[in-house]
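Below: one structure, written as structure tokens.
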Amino acid sequence: MAKQVILERDGIAKPSYVGFSWTVFFFGAWVPLIRGRYLDALVMFMVSIIAAYFTYGAGNFLFGVILAFFYNKYATEQMLKEGYYPVDEMSAFLLKQHDIYFKNRD
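59 is the number that our numbering gives to position 59 of the sequence shown; each next residue is one higher, with no gaps.
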């Protein structure tokens, strides 16, 4: 189950998540598209199409299940690379608990 962490950059706070992504499991590449991560959405759509083409659809389902386990961590790490940092101690604790490392906002 995903847990929400709050990340901030330049005074603007955004939610991010860690853990299994039920939204990616059910909605696939639509999730990064709606969240504004267009390159991630494009890559996910392309891999889904290729996986479905070669496996008569079964590969697309398998790709969705595997991606649901890793997408939240990936998206959160990308936000941290873009300069976001955890707002509170609970967010920092959840990131450390899920082996996501970040710089302090010193």
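Ideal Cβ placement from N, Cα and C applies to all residues, glycine included.
*asked:* Just to confirm my understanding: we take K14, look at its own chain, exclude 5 residues before and 5 after, and list those with CB closer than 8 angstroms. What are they?
replied: Once the five neighbours on either side are set aside, the close Cβ partners of K14 are I6, L7, E8, M79, Y84.
_Minimum C-alpha distance to K103 - residue among K73, Q4, P86, T23_ = Minimum Cα-Cα distance from K103 among the listed residues K73, Q4, P86, T23 corresponds to P86.
*With a 10 Å radius around its C-beta and 16 neighbouring C-beta atoms as the bar for buried, classify L67 as buried or exposed.*
The residue is buried, with at least 16 neighbouring Cβ atoms inside 10 Å.
*Could you check which residue in A51, R105, Y74, D88 has the C-alpha nearest to that of D99?*
Residue Y74 is the option with its Cα nearest to D99.
*asked:* Quick check on the burial criterion: 16 or more other C-beta atoms within 10 angstroms. Buried or exposed for L42?
replied: Residue burial annotation: L42 is exposed, with fewer than 16 other C-beta atoms found within 10 angstroms of its C-beta.
*Residue ranges of each alpha helix (DSSP H) run of no fewer than 4 residues wholly in the stretch 29-106, ordered along the chain?*
For secondary structure counted as the alpha helix (DSSP H) over 4 or more consecutive residues, the stretch 29-106 holds these complete runs in sequence order: 30-34, 38-55, 58-81, 89-97.
*Residue interval of the beta strand (DSSP E) (run including S16)*: Taken as a continuous stretch (DSSP letters only), the beta strand (DSSP E) holding S16 covers 12-18.
*asked:* Please state whether the Cβ-Cβ distance between V18 and N72 is less than 7 angstroms.
replied: In contact: V18 and N72 (Cβ atoms closer than 7 angstroms).
*In angstroms, rounded to a whole number, what distance separates the CA positions of I50 and D10?*
One C-alpha to the other measures close to 39 angstroms.
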